[in-house]
Each structure stands twice: as C-alpha cells, then as structure tokens.
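Protein chains in written order, with the working numbering: chain S, 4 to 439; chain U, 62 to 382.
Even glycine gets a Cβ: it sits at the ideal position worked out from N, Cα and C.
Computed from a prediction, not measured in an experiment: that's the story for all the values here.
As structure tokens, the structure follows; a few thoughts come after it.
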C-alpha cells in the first residue's frame, strides 16, 4: 500500500514552505521522504539546502532525506533526462530507494529535475508548491497531459494578497494559500538554528542574474553598487550583504571597496543562512535589493521597509519574453518603493496589479491563457507598451499595430511620421485619450 | 606533518579560481592536514584578491607569485618546490573537486602504498557532464608503471597525461618535476618519465575532478608559437623512450602531428612555416621501420596528412604514406 509522500526541494526557502505546509496538516499521514536537489551551476561548490545549519529545524518533518545529486552523480540535475524507454526500469530502481509514493510534491514542475521525477514516479497524484513569486506567473513550458492531469493542487505562500496564481491555471489546478503564521513560525525556528547573521541597520539582497546570462558580471557588480550607494545615502552605516545562495564570494568582494569609499561597515551574511532568518532575527530598518522574492517576504510577512533597485534594467534584459523571472520582476517593480543610488526613495505609480500581471502573463504564454487576451488588450490600451512589454511581442500578438511601412511602399498614406514613433492608430489613440 | 599538498597554478583566473578554492574548502578534513599552494603565474586581473579572500577558510594556504608569466610547467614546479606534504596533487584553477574527494584520494594511496595513484575525471560543458575513465581496466591493484605504457595500438596510461588526475608520493621528487619552458604538452614527457621510472602505481575508480571544457583562452585553441611546444615535448619523449617504448612514442607523435595538420588553419603563415620545418625534422629522427609502423597504425586519410613531412625515400625503400 503506497503510504509514502515523496517531497522534492532545491532551496531552503522551498523546504521551509514544505515544512509550513506539513505543519498545517496539508499531507496524508505516513512516511515522508525529502529528496534534495542542488541545482546550482556548480553543485559541488554550493552547499545543498540540507547542509545549511538552519535545516536542523526542519529535519524532523521527514523520515529520510536523500540527495538527488548523489543518486544521479556525476550528472547535473538540471540537465539529465532519462530516455523514455528506460523510465520503467529507472522508475522501479528509484521506488526501490524511496518507497512507493502515494503522493509526489514538486516545485518548478516544468523543468528537470522535477519534471524528470514526475516522469519516473508515474502512478500517484502530484502536488505542486510554489517557487516564491514565480507562482504568480504562467507555467514556463507546456506540460504533457500525462503529467498535468495528475496535478491536484498548487500550494503557495500568500505573498501578494488578492493576486491569484497563474501557474498551472491553464490546467484548472486549484491554488491553495498557506497561512502566513505557519511560514513565519518555520522561519523563526530556522533562524534560531541557523548560523547567526551579524546585526546591521540595513540588509542588501544579492542577485545572481549573470549566471543566467541576463546581464554581465560587471553589470551585476554595478547593480549591487547602486543598491549599496542608495542604502548608504539614506544614512545606514552598517549594512549586511546577503549574497545569492549560488553566487559564491565574488559579489561581496566587489562591494568592499565601494563600502570603504562610502564609510559603510559592510558585513556578509553566512552563506547558508536564509534571508528570512536575517529578517526574523534582527528586524533591519531597510531591506534593499533588485527583485528577490525575499523583498516581498520582508515586507509582507515581517513588516519591514523595503526598496528595489534596477528592476527597469531587469525588465529590459529578461529574455525570452516568457522568461519566468518576468512576473517576479514585474510584481516587485510595480509594488515596491524604488531606491536610487543618490538615496531617493519613490513609491511606484499606483497600478492595477491583477490587470498588469494578467496582461504580462498573457503576453508571456498567450496560447495557455486565451482568456486573458481582453485583460491584456485593455491594459496595453490604457497604459501603452512601456516598461512591462516588448513592442515586437505586442505586435505579433496583434495587441498593437506594427509600425507603418516605409512611405515608398505605401504612396496612398499621408506623409510618414518619424519612423521611431509610429502614430497610434486612430481608434486606440481615441481610447487612450478617453481613459486618461 | 602535512599529509597532502595541493598545487594550484593560476594565470588570470579571477572568474574561476574562487570555485576551485571553494571546492578545496569543502574538501577539508580533520583526518589529516592539507596545504594549498597557489602559484599565481603573473596574473594581470583580480586573481590575487580572489586567493586572499580564502585565507580564513583555507588555513594551509600559501600564495606565491611570478611577476611575469612563466607557463604552466614552471608554475607547477614552483608549487612542487614549496610542497611539504607526504603526497602531492594538482588542481588547475579553472577546474574543481567534488566534496570529500581528497580524503578518498589520500585513503586510496595510503591503502595501496604505491608511488602514485591515477583516477578518472568528469568533463563539464555548461550543465552537461561526462565521466572519462583512465585507460587502465584493472582497478584498485598495484601495477608496474612500465606495463601501463603499452600496447601501441590502444589508448594507455601515457595517453591520459593529466597531472591533476592523480596523487603522487612527494618523495618521487625530481620525477614529479615538469620540463621547464613548455607552454603546452608539458605533461607528455612528464607522464612518460613517471611511467618509465617510478616503481609502482594503481588506478582507482574515483571521478572527483571536474574539468571545465570549452574555455576560449585555452592554449589548445590558440595558434601562436607556444602551440609548437609539443614538438619539444615529444623530442623529450623520443629521447628517453628506449627501444621497447619507441614504437608507442612514434605512434603518438604521428597521431598528434596529424591532429595539428588538420587544425593548421589557425596558424599564422610564420608559425605554419616553422611547424612544417619541425615536423620534417622530428619525423626524420625516427628509424624507417618505426615510422612505417607508426603511420600504418593511423587511419589512411590521417596518415596521408603527414605525407609531405616524410623523409625522402632512400634506396633501401623508406616509408611513404
């Protein structure tokens, strides 16, 4: 009788989310196996989540903890996919190792290793749990029916109250929010078990976008420098830098000369201590970063002042348009105060977040969400293509008119405007005027 | 007493050295003392700062610096001179180790008690990984290094020259020294000498070294004069091979020459002219019979690439591909 629940996690944040869900009684009784995967670019030099001292606070939720990297060594979890004719054998060998699962609990279902696991363990329902802010964005790749048809629910943190997750909505998967208190309870216990971060007036959350090739390492250094300058200009003299878990020590090293120039005492958080543990332990006066989910947990779950820098650059660079970081970047950009290097802090213009996320989500995965076309059309009409959209994408979806062809090919048209700024077609120009 | 010295040569390695050193931090063990000798071969980038950043986490860290680059062989030799461990291994700055690999490596050579132990490794390109096996099917037993050189027509341990894929008893001393002045193929004469002169070795199935492929600055991908150092390397191998191993050395040389002819497009005309001259000279060294045999072992179309470098046929009937 299958009575094991097989949990998969790749980050401490994910494992904390699972622990919160377990504490809420969201899973059946019986054995619990946690399969830990380290998906960093170089897992060998990046501690896995169960190596973090804070994991000690979560360990007792699980009967066994296994390493997926060890099982498939030396292959990389994000790379390896079994050949389909081999899945019966490999699935059997895996079930020999973990037991016969009655339920599979996965995050980031569209990509390996989650998708690999779903293909190896075929005969049980799947719960998907959220990957921070990404749960508000569309599913990254189409899922085969054989997998999508097994997903019974999406468990997520209620990071943006009132906003419904788009993830898996195209398959009719119901979303269930976890209670704030169960997550903050878990982070408090993890903070107590974690290696303590030094106390500081402000916390800077590092990003690691250069690893994705979205910006260059030099641009990333400049982005971190902008944040540090902004924080210093606001008068904070001790700053805790929390490097991205996979980024190693490079970013802190690059920031040190800037901190020295600014007269700021730059402290570095222990590699394996999650940002949420820093918030829970010290309640800093400001949490600044680019578009980390931790900015939203800091504000929403810990009530801390937060500020975002450089989301405009990220929104510009994210590619392809359907890059799943786009919705997190959009939400942060549209809702959090913006910090500049000179210390100015401005609230973003008021936005209808549900409409914005629906519109961006439609443009990312239009085929999966035809029902959002009206939302997207109305949003783009009202606000134009700036900041959150790419003109080429809007044109290919027919949400804006393509630029006029050159005059030589269209003699009937009136004299052309400067080509960089094609005139809005009359109907939408009128609509835009009316909605102003 | 230091058990293990890890020699890490690095030149302009700021992008990768941190990964290599982090992997050494994750290989620290209370069971024995490890020292890390970073030899900065005239880096012009932030390599020194990256190394300094590890002082606290690698208590046995020594950093030495060549003000001007002397090449990989010389950098390794500098590290060897400073190495105080009972055993020594190498780690190139753009590669990294699996956690727990070094304790297993030391346990292997401790348990086998031989002069050196060679291992498998993993080649990495992005997130793709492939295990490469050392070409010795017998594992975990002590063998005669001379038996690891032959046969001629199979890949053998001298065709797996990577110094970083192994651990070596420090008392081998001069045998571990790399031929000075070589900027490429320095490990060929090195592995040949080791196999000809060391007393014992073994191969174990450990694949803890991750070798980064496809780096653009890699010497094997550039076409300047340094690329021709493989001639010097093979001259050394030929000098010392002796009659028993000369056929193997000749075969390897011909295969490598054919490989370079295939890629000769990246040479400048001046380097190409020098290449042609040296290719003729080195093949002229080989006894006719040995050369004929060596060419016969190549695929015909590869042997044909060497046709223009062969010595003029003499009346007794010299080799012609």
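Can you tell me whether residue i is buried or exposed, with buried defined as 16 or more other CB within 10 angstroms of its CB?
i	result
residue 254/S	buried
residue 306/S	exposed
residue 240/U	buried
residue 84/S	exposed
residue 87/S	exposed
residue 320/U	exposed
residue 223/S	buried
residue 301/S	buried
residue 405/S	exposed
residue 113/S	buried
residue 362/U	exposed
residue 328/S	buried
residue 212/U	exposed
residue 334/U	exposed
residue 148/S	exposed
residue 276/U	exposed
Sort the options by Cα distance to residue i and report the nearest one.
i	options	result
residue 103/U	121/U, 135/U, 231/U, 63/U	135/U
residue 93/U	74/U, 164/U, 149/U, 70/U	164/U
residue 303/U	336/U, 347/U, 339/U, 273/U	347/U
residue 52/S	15/S, 33/S, 408/S, 79/S	15/S
residue 142/U	80/U, 119/U, 108/U, 237/U	237/U
residue 354/U	328/U, 313/U, 321/U	313/U
residue 166/S	341/S, 357/S, 87/S, 374/S	357/S
residue 103/S	193/S, 117/S, 10/S, 161/S	10/S
residue 56/S	274/S, 79/S, 398/S, 164/S	274/S
residue 345/U	369/U, 79/U, 116/U, 167/U	369/U
residue 363/S	283/S, 347/S, 341/S, 386/S	386/S
residue 232/U	115/U, 82/U, 144/U, 101/U	144/U
residue 272/U	205/U, 256/U, 194/U	194/U
residue 159/U	398/S, 115/S, 78/S	78/S
residue 76/S	229/U, 267/U, 336/U, 339/U	267/U
residue 132/U	322/U, 243/U, 357/U	243/U
residue 143/S	152/S, 335/S, 372/S	372/S
residue 64/U	367/U, 90/U, 298/U, 373/U	90/U
Once DSSP output is grouped into helix, strand and coil, what is the label at residue i?
i	result
residue 383/S	helix
residue 189/U	strand
residue 127/U	strand
residue 63/S	helix
residue 324/S	coil
residue 285/S	helix
residue 220/U	helix
residue 349/U	helix
residue 77/S	coil
residue 437/S	With a pLDDT of 44 at residue 437/S, under the threshold of 50, the predicted position of this residue should be treated as unreliable, though the coordinate-derived value follows. Helix at residue 437/S.
residue 92/U	coil
residue 440/S	Lying before the first or after the last residue shown, residue 440/S is absent from chain S, which here runs from 4 to 439.
residue 70/U	strand
residue 225/U	coil
residue 311/U	helix
residue 184/U	strand
residue 257/S	helix
residue 320/U	helix
What whole-angstrom Cβ distance do residue i and residue j have, given they're in contact under 8 angstroms?
i	j	result
residue 139/S	residue 317/S	Not quite, the Cβ-Cβ distance comes to about 16 angstroms (not below 8 angstroms), so this is no contact.
residue 343/U	residue 286/U	At roughly 16 angstroms, the Cβ-Cβ gap does not stay under 8 angstroms, so residue 343/U and residue 286/U are not in contact.
residue 18/S	residue 69/S	About 13 angstroms separates the two Cβ atoms, so there is no contact after all.
residue 162/S	residue 146/S	About 23 angstroms separates the two Cβ atoms, so there is no contact after all.
residue 279/S	residue 297/S	7 angstroms
residue 1/S	residue 36/S	Nothing about residue 1/S can be reported from this structure: the residues present for chain S run from 4 to 439 only.
residue 128/S	residue 193/S	Not really, about 28 angstroms apart at Cβ, beyond 8 angstroms.
residue 148/U	residue 88/U	Actually they are not in contact, since the Cβ atoms of residue 148/U and residue 88/U sit about 14 angstroms apart, beyond 8 angstroms.
residue 397/S	residue 388/S	5 angstroms
residue 97/U	residue 67/U	5 angstroms
residue 264/U	residue 179/U	5 angstroms
- Inter-stretch contact (C-beta, 8 angstroms, three-pair minimum) for the segment 205 to 217 of chain U and the segment 180 to 191 of chain U: no
- Would you call the segment 198 to 210 of chain U and the segment 122 to 137 of chain U in contact, with 3 or more CB pairs under 8 angstroms? At 8 angstroms Cβ cutoff, the stretches do not touch.
- Pairing CB atoms from the segment 170 to 181 of chain S with CB atoms from the segment 211 to 227 of chain S, are three or more of them under 8 angstroms? no
- Message: Check whether the segment 148 to 158 of chain U and the segment 238 to 258 of chain U touch, using three or more Cβ-Cβ pairs below 8 angstroms as the test.
- Response: no
- Stretch-stretch touch, CB-based, cutoff 8 angstroms, three pairs: the segment 192 to 207 of chain S with the segment 289 to 296 of chain S: yes
- Query: If you pair each beta-carbon of the segment 336 to 345 of chain S with each one of the segment 366 to 373 of chain S, do three or more pairs fall below 8 angstroms?
  - Reply: no
- Is the segment 103 to 115 of chain U touching the segment 67 to 86 of chain U, taking contact as three or more C-beta pairs under 8 angstroms? yes
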